[in-house]
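Numbering-wise (the UniProt record's numbering), the sequence shown opens with residue 1 and increments by one.
We treat Cβ as the ideally placed atom computed from N, Cα and C, and that holds for glycine.
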Amino acid sequence: MADLRLVELSAATIVAVNTLSLKPGQEQFLAPVSYGIAATVSNPQTSWQRVVLDGDEVVGFVSANFDPDAHEEHFRSVLWRINVDADEQGRGVGSFALAAVLDEARNRGMDHVDVIYEPGVGGPEAFFERVGFTAVGETEYGEVIARIGV
Numbered sequence: 001m002a003d004l005r006l007v008e009l010s011a012a013t014i015v016a017v018n019t020l021s022l023k024p025g026q027e028q029f030l031a032p033v034s035y036g037i038a039a040t041v042s043n044p045q046t047s048w049q050r051v052v053l054d055g056d057e058v059v060g061f062v063s064a065n066f067d068p069d070a071h072e073e074h075f076r077s078v079l080w081r082i083n084v085d086a087d088e089q090g091r092g093v094g095s096f097a098l099a100a101v102l103d104e105a106r107n108r109g110m111d112h113v114d115v116i117y118e119p120g121v122g123g124p125e126a127f128f129e130r131v132g133f134t135a136v137g138e139t140e141y142g143e144v145i146a147r148i149g150v
């Protein structure tokens with residue numbers, strides 16, 4: 001993890017992003033990145049997608065959306081997705097990506113970032129709690145809404 005940096009998602013990186021590996025059991029918490037992109041790419045002014053590189057190797061992906069006019073509060077400043085390759089988990093890649101999301105939110109005038117996830121063994125809940133997210137509610141589908149200040 002000597003040289004982490006962010007680049008915009010592009011045709012040159014999408015294949016590598018779509019092939020990031022997962023640890024056993026994590027697949028139940030994650031749809032393919034392309035599906036997540038389709039959900040947020042509709043407004044390029046509000047969506048923010050970055051690929052995490054370690055040197056020249058794709059090791060992660062992060063997607064957020066910042067829309068102060070969103071109908072639901074938890075969609076106004078939201079971390080949609082954070083994927084870290086299975087072999088890179090536990091090395092600070094996710095924390096690096098999250099720090100970039102928080103910086104972007106701050107730069108866009110937001111005071112927090114929300115994340116929505118399904119709780120469960122092997123899921124993202126422990127990571128989100130460890131980095132400072134606190135559960136603040138639940139979606140109509142029973143997913144956890146958690147928040148962190150920027």
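Between the C-alpha atoms of residue i and residue j, what's the straight-line distance to the nearest angstrom?
i    : j    : result
E125 : S47  : 23 Å
D67  : S77  : 6 Å
R147 : F133 : 5 Å
S95  : L102 : 10 Å
A26  : G123 : First, the residue type needs correcting, since residue 26 is Gln and not Ala in the sequence shown. So the alpha carbons of these two residues sit roughly 6 Å apart.
L79  : G92  : 17 Å
Looking at the structure shown, is residue i part of a helix, part of a strand, or coil, going by DSSP?
i    : result
V101 : helix
V78  : strand
V150 : coil
For residue i, count the other beta carbons within 10 Å of its own beta carbon; 16 or more makes it buried, fewer makes it exposed. Which is it?
i    : result
D114 : buried
H74  : buried
A97  : buried
Whose C-alpha, out of the options, is nearest the C-alpha of residue i?
i    : options                  : result
A12  : F128, Q45 and R50        : R50
M110 : A70, V59 and N43         : A70
V62  : I14, V121 and R130       : I14
V131 : A99, V121, V144 and I116 : A99
When you compare the segment 133–141 with the segment 102–111, are there three or more beta-carbon pairs, one atom per stretch, that lie closer than 8 Å?
no
Between the segment 50–66 and the segment 2–10, are three or more C-beta pairs nearer than 8 Å?
yes
Below 8 Å, how does it come out for the segment 80–88 and the segment 13–24: are there three or more Cβ pairs, yes or no?
yes
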